[in-house]
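Top line first, the protein sequences correspond to chains A and B. Counting from 3, one number per residue, gives the positions in the first sequence under the working numbering. Counting from 1007, one number per residue, gives the positions in the second sequence under the working numbering.
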Amino acid sequence: MNDMSRVERQVDTKEIKLECRDCQVYYGDNHAIKDVNVDIEDKTVTAFIGPSGCGKSTFLRCLNRMNDTIDIARVEGSFKLDGEDIYDKRVDPVQLRAKVGMVFQKPNPFPKSIYDNVAYGPRIHGLAKNKAELDEIVEKSLRRGAIWEEVKDRLHAPGTGLSGGQQQRLCIARAVATEPEVLLMDEPCSALDPIATAQVEELIDDLRSRYSVVIVTHSMQQAARVSQKTAFFHLGNLVEFGETGQIFTNPEDPRTESYITGRIG
Amino acid sequence: MTDASMQNPKTGGHGVSLTAADARTRKRANAEKRFRAYGIAAIATGLFFLIVLFASILSQGIPAFTRTVISVEFTLSPAERDEAESTLFKTKAYSDLFIRSLNNELAENGIKVDFDEAAIERLLGKVGGTIRTFYSENPDKLGEPIEFDLAASSRVDGYFKGRVSRDTIQDSRFLQKSDLDLVDVLEEAGIIKQVFNWPFITGADSGVDNPGGAGIGASVVGSFFMMLVVLGLSLPIGVAASIYLEEFAPQNRFTDLIEVNISNLAAVPSIVFGILGLAVFIQFMHLPQSAPLVGGLVLTLMTLPTIIISTRASLKAVPPSIRDAALGVGASKMQAVFHHVLPLAAPGILTGTIIGLAQALGETAPLLLIGMVGFVARGYPDGFLAGFTEPNSAMPAQIYTWAARADVGFYEKAWGGIIILLIFLLSMNIIAIILRRRFERRW
Chain A
3 MNDMSRVERQ
13 VDTKEIKLEC
23 RDCQVYYGDN
33 HAIKDVNVDI
43 EDKTVTAFIG
53 PSGCGKSTFL
63 RCLNRMNDTI
73 DIARVEGSFK
83 LDGEDIYDKR
93 VDPVQLRAKV
103 GMVFQKPNPF
113 PKSIYDNVAY
123 GPRIHGLAKN
133 KAELDEIVEK
143 SLRRGAIWEE
153 VKDRLHAPGT
163 GLSGGQQQRL
173 CIARAVATEP
183 EVLLMDEPCS
193 ALDPIATAQV
203 EELIDDLRSR
213 YSVVIVTHSM
223 QQAARVSQKT
233 AFFHLGNLVE
243 FGETGQIFTN
253 PEDPRTESYI
263 TGRIG
Chain B
1007 MTDASMQNPK
1017 TGGHGVSLTA
1027 ADARTRKRAN
1037 AEKRFRAYGI
1047 AAIATGLFFL
1057 IVLFASILSQ
1067 GIPAFTRTVI
1077 SVEFTLSPAE
1087 RDEAESTLFK
1097 TKAYSDLFIR
1107 SLNNELAENG
1117 IKVDFDEAAI
1127 ERLLGKVGGT
1137 IRTFYSENPD
1147 KLGEPIEFDL
1157 AASSRVDGYF
1167 KGRVSRDTIQ
1177 DSRFLQKSDL
1187 DLVDVLEEAG
1197 IIKQVFNWPF
1207 ITGADSGVDN
1217 PGGAGIGASV
1227 VGSFFMMLVV
1237 LGLSLPIGVA
1247 ASIYLEEFAP
1257 QNRFTDLIEV
1267 NISNLAAVPS
1277 IVFGILGLAV
1287 FIQFMHLPQS
1297 APLVGGLVLT
1307 LMTLPTIIIS
1317 TRASLKAVPP
1327 SIRDAALGVG
1337 ASKMQAVFHH
1347 VLPLAAPGIL
1357 TGTIIGLAQA
1367 LGETAPLLLI
1377 GMVGFVARGY
1387 PDGFLAGFTE
1397 PNSAMPAQIY
1407 TWAARADVGF
1417 YEKAWGGIII
1427 LLIFLLSMNI
1437 IAIILRRRFE
1447 RRW
């Protein structure tokens, strides 16, 4: 874990993209997230790690209000994207989700063509005036998803016919097609083989130049490889949040140390 | 392995041959064999009853698709017509002319047989009227030879189909033993014969004394209009209700109550819907009695729960990851449902709807109460809109009516009607299967 390259990988910007203060999430009577304070920085990969059921996915879903779709979920606290409260009554979650894109654990392309998968977001948000512009957006997004070379000759083949790793990169391309500012990834590699995982991780590192990326992962190696900041969640609490190198080499909290050395979790 | 099992080779363990099954294994193998035998027996029983059912329907119903006709070539000159029209008993005059040409035809074939007008009437009913009607409707056919296919009476038809025989017949004003000799002679001459019964498929119902002329066509039209009403109302209402309940409605006591009641409605006997339809649509709203519109409304009430339940099941079967994906790129809830969830659920919805329609098509009990049973549909509705509001019958109601009539000729029609109904149901189910295959998509 004491890979020297990580120490060199300094965080370029300190500009805060998403500021979360005193965040609480309740599922019915269950207090799932307790007093979480996190600052997600721009053009940075932030990793959420922690044992299963610790609330990291729940917290991630708060950041683009996906928890709104769950009837019993209740979110409290302040979530500010560029200084604007995303839980403000005037905020339409639909608009928010165009700005804060999401990639899910299991690759979930629509059962449509590759082209339509990517074009869907721009279409519903009216980002393209005509077919040529839409074609351009689709190509650009597929290139950013690092899948253009593989699919450029079969854009009208079904997206569900791709391999698992390709499907996940297609989903990433679909998420970046709406020009988001933040990209949330909920265990994006857990359903992929090591080669596809390596491709997606490389892609995540590329995406950092444009977006603020938040990734939930079970793999500590992955967190160490791709992220600059790491947050460790345990039983709904944010135990420790800091530079990735710091967390993995010299954790402050004994629980973090136990987890990364494999004693709990 | 304990020492005990080592000493007892029967229970298996080390040192026991694999080729010789021990007692326990044999017992399990036997239990499995027995279970398979039960399964095969159950299926065989089911198949046996199915075959008996089909055999009896086909053997009883097939005769309804043939009819006995007496075909006679007949020429009427304008002079003969004027003469007949000038007599007092006009149809009698036509009848005489007909007997004359029948005699001529027999003479051409070299057959000599005696018969009188009464015998012809027993065989054919009143021919004069039929002929007169034909010429008054088609005056341009005067002077040309016309091949008349005149329907034989129900008992003559029965004689051909084995319903009536010389041993069982009793002389009556309907048919006498001597008439059967005449029938045999006419059959030899090729004048009386059996043909495919198109009027049964295309025609309308007849009076209680004329089973030969009864057809199911008008009631097929009645059923068709009812199904239009059912499809037009229950599909949009059912799908909209299911989408709302499944995707938008909050989970609370009120929606739970609605859910329980929909399930209960699906189990309510259809006659209850019939009485509801009678009270609401006919007595309160004063919609026309016996109309396919009312029948369709009642059957809509009956079909809605089926459609809602199957639609909700197919919406539930769409993986939530598709909804997440759509919401994740910023689709609104409605866009997620209409762009992604509904197309994926469509095959299931279609299948459920067609099964619901097929159920409604075969339903008789609610029609009893709104007057679609017992109504004699003597003709087709004139025009499309009239099809909804003019009194008509429906296929199952027509079958029920025929089965309830005294004349055995109608019994055969009822079985024939069942065959037609089953053909419709079967084709609807086949359409459901084809649609499902066609629209099914992987995700």
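Glycine is no exception: its CB is placed at the ideal position from the N, C-alpha and C atoms.
Taken atom to atom, the span from the alpha-carbon of residue 1327 (chain B) to that of residue 1292 (chain B) is near 50 Å.
Nearest to residue 86 (chain A) by alpha-carbon distance, out of A:21, A:248 and A:54, is A:21. Under the three-state reduction of DSSP, residue 187 (chain A) is assigned to strand. Taken atom to atom, the span from the alpha-carbon of residue 227 (chain A) to that of residue 179 (chain A) is near 25 Å. In terms of beta-carbon proximity, residue 1331 (chain B) lines the interface with chain A, with at least one pair separated by less than 8 Å.
With at least 16 other beta carbons inside 10 angstroms of its own, residue 1346 (chain B) counts as buried.
Residues of the region 1313 to 1329 of chain B that bring their beta carbon within less than 7 Å of a beta carbon in chain A comprise 1327 and 1328, in sequence order. Interface annotation, residue 1343 (chain B): not in contact with chain A, CB-CB separation never under 8 Å. Only residues of its own chain outside the window of five on either side were considered, and among them 22, 25, 61 and 240 have a CB closer than 7 Å to the CB of residue 38 (chain A), listed in chain order. Residue environment analysis places residue 1044 (chain B) among the exposed positions, since fewer than 16 neighbouring C-beta atoms fall within 10 angstroms of its C-beta.
Within the same chain, 150 come within 7 Å of residue 141 (chain A) by CB-CB distance, once the 5 residues on both sides are set aside. The beta carbon of residue 52 (chain A) sits closer than 6 Å to those of 58, 234, 235 and 236, all from its chain and outside the five residues before and after it, given in chain order.
Rounded to the nearest whole angstrom, the CA to CA distance from residue 224 (chain A) to residue 136 (chain A) is 34 Å. Listed along chain B are 1333, each with a C-beta nearer than 7 Å to that of residue 71 (chain A). A:49 is the residue among A:204, A:30 and A:49 whose C-alpha sits nearest the C-alpha of residue 249 (chain A). Counting along the chain, no beta strand (DSSP E) covers residue 248 (chain A); the unbroken alpha helix (DSSP H) around it starts and ends at 246 to 251. Within the region 1250 to 1266 of chain B, the residues whose Cβ lies closer than 8 Å to some Cβ of chain A are 1256 and 1257, listed in chain order. DSSP, reduced to helix, strand and coil, places residue 219 (chain A) outside both helices and strands of the structure shown, so it counts as coil.
Residue 113 (chain A) and residue 1302 (chain B) have their alpha carbons spaced roughly 37 Å apart. With its beta carbon less than 8 Å from one in chain A, residue 1336 (chain B) belongs to the interface. Membership of residue 1396 (chain B) in any beta strand (DSSP E) is not indicated, and neither H nor E is assigned to it by DSSP. Look at the region 1344 to 1366 of chain B: the residues with a C-beta under 7 Å from a C-beta of chain A are 1346 and 1350.
Minimum Cα-Cα distance from residue 194 (chain A) among the listed residues A:255, A:107, A:125 and A:36 corresponds to A:107.
The three-state secondary structure of residue 64 (chain A), taken from DSSP, is helix. In the three-state DSSP reduction, residue 1216 (chain B) falls in the coil class, being neither helix nor strand. The alpha-carbon of residue 1268 (chain B) is positioned some 35 Å away from that of residue 1420 (chain B). Nearest CB-CB separation between residue 110 (chain A) and chain B: below the 8 Å threshold. Contact annotation for residue 216 (chain A) against chain B: no contact, minimum CB-CB distance about 13 Å [criterion: below 7 Å]. Within the DSSP secondary-structure output, residue 1165 (chain B) pairs in no beta bridge. By the Cβ criterion, the region 1055 to 1063 of chain B is not in contact with the region 1169 to 1183 of chain B, since fewer than three pairs of Cβ atoms, one from each stretch, lie closer than 8 Å. For residue 96 (chain A), the C-beta contacts it makes with chain B under 9 Å involve 1333, 1336, 1337, 1338, 1339 and 1341, in order along the chain. The region 1368 to 1376 of chain B and the region 1301 to 1315 of chain B touch, with no fewer than 3 CB-CB distances between them shorter than 8 Å. Counting the other CB atoms within 10 Å of its CB gives residue 1275 (chain B) a total below 16, which places it among the exposed residues. Among the CB atoms of chain B, none fall inside 8 Å of the CB of residue 147 (chain A). In its chain, beyond the 5 residues on either side, 1298, 1299, 1301, 1302, 1303, 1305, 1306 and 1394 have a beta carbon closer than 8 Å to the beta carbon of residue 1235 (chain B).
Taking CB atoms only, residue 106 (chain A) has a neighbour in chain B less than 8 Å away.
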